[in-house]
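Protein chains in written order, with the numbering used here: chain A, 1 to 110; chain B, 111 to 224.
See below for the structure under consideration.
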Amino acid sequence: DAKTTQPPSMDCAEGRAANLPCNHSTISGNEYVYWYRQIHSQGPQYIIHGLKNNETNEMASLIITEDRKSSTLILPHATLRDTAVYYCIVRGDSWGKLQFGAGTQVVVTP
Amino acid sequence: GAGVSQSPSNKVTEKGKDVELRCDPISGHTALYWYRQSLGQGLEFLIYFQGNSAPDKSGLPSDRFSAERTGGSVSTLTIQRTQQEDSAVYLCASSYRTGGAEAFFGQGTRLTVV
Chain A
1 DAKTTQPPSM DCAEGRAANL PCNHSTISGN EYVYWYRQIH SQGPQYIIHG
51 LKNNETNEMA SLIITEDRKS STLILPHATL RDTAVYYCIV RGDSWGKLQF
101 GAGTQVVVTP
Chain B
111 GAGVSQSPSN KVTEKGKDVE LRCDPISGHT ALYWYRQSLG QGLEFLIYFQ
161 GNSAPDKSGL PSDRFSAERT GGSVSTLTIQ RTQQEDSAVY LCASSYRTGG
211 AEAFFGQGTR LTVV
């Protein structure tokens, strides 16, 4: 599976949009982009995933560039409860593990 | 239940003892994963089961660690002759299938080896 690169940390003001970048320049055609987050002392939580098209659900939006070499997770109106480590993961459409990297520590401040 | 269930939620054991950790995946999920997370660290992959295929054991740190999945449902992670460095939160996840399917995680078992 392709490797991902994320900034180690970022801050966001409560109520503002949080834009979390992820680089996956070696992604191949059948690999999906997944986003998970882990709030302190909890198990990871699925947020969203996509292959080529932009995706939106009740939690977030996922914007994937046309060349698929990078993506951005958007939390439209960050709340204090969104403070967590956010993981960007790339995985192919064959069976295999989800490989978590270091992620981005997002801190939402009042 | 609606989610992935892990038991026990906490386990304290003496060094050298064997422990068994249990994971009940979501009904119908064919894929099951085990991870561990040491204090302040990221998630470390341990083992992965998918249907009747041979499991991916590439993440098991030593031969003291083993896991099985009976009947394609419940899984047990066994750690023999526990060491203090085995202290961590052990997380289980399940999903319907790989590729395009989200994994749901349990709340984990916190193992403390004293």
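Backbone N, C-alpha and C fix where the C-beta goes; we use that ideal spot for every residue, glycine too.
Hey, is Leu20 (chain A)'s beta-carbon within less than 8 Å of any beta-carbon in chain B?
no
Beta-carbon of Tyr200 (chain B) versus every beta-carbon of chain A: anything under 8 Å?
no
Buried versus exposed call for Ile39 (chain A) [16 or more other C-beta atoms within 10 Å across all chains shown]
exposed
Nearest chain B C-beta to His77 (chain A) closer than 8 Å, yes or no?
no
Of all Cβ atoms in chain A, is any one closer than 8 Å to the Cβ of Tyr206 (chain B)?
no
If Ile89 (chain A) sits next to Tyr36 (chain A), beta carbons under 8 Å apart, how far is it from one beta carbon to the other, in whole angstroms?
7 Å
Same chain only: Cβ atoms within 6 Å of Pro110 (chain A), ignoring 5 sequence neighbours per side:
Glu14
Along the beta strand (DSSP E) that carries Ile63 (chain A), what are the first and last residues, could you check?
Ser61 to Ile64
Interface residues of chain A facing Ala112 (chain B) [CB-CB closer than 7 Å]
The contacting residues do not exist; Ala112 (chain B) stays about 14 Å from chain A at best.
State yes or no: is the beta carbon of Leu149 (chain B) nearer than 8 Å to at least one beta carbon in chain A?
no
With a threshold of 8 Å between beta-carbons, can Gln194 (chain B) be considered close to chain A, or not?
no
According to DSSP, is Glu195 (chain B) helix, strand or coil?
helix
For Phe100 (chain A), write down the residues that DSSP places opposite it in a beta bridge.
DSSP output for Phe100 (chain A) lists no bridge partner at all.
Using the beta-carbon of each residue, which ones in chain A are nearer than 8 Å to Glu212 (chain B)?
Tyr34, Tyr46 and His49
At least three beta-carbon pairs within less than 8 Å, the segment 102 to 109 of chain A to the segment 49 to 60 of chain A
no
Chain B partners of Gln99 (chain A), CB-CB under 8 Å?
Phe155
By the 10 Å Cβ neighbour count, where 16 or more other Cβ atoms means buried, how is Thr188 (chain B) classified, buried or exposed?
exposed
Name the chain A residues that come within less than 8 Å of Gly216 (chain B), Cβ to Cβ?
Gly43
Along the beta strand (DSSP E) that carries Tyr87 (chain A), what are the first and last residues, could you check?
Ala84 to Gly92
Contact between the segment 66 to 85 of chain A and the segment 128 to 145 of chain B: three or more CB pairs below 8 Å?
no
Tell me the DSSP bridge mates of Gln160 (chain B)?
B:Ala141
For a cutoff of 8 Å on Cβ pairs, would you count Ala13 (chain A) as touching chain B?
no
Would you identify the three-state DSSP class for Thr180 (chain B), choosing helix, strand or coil?
helix
In this structure, how does DSSP classify Arg81 (chain A) when only helix, strand and coil are distinguished?
helix
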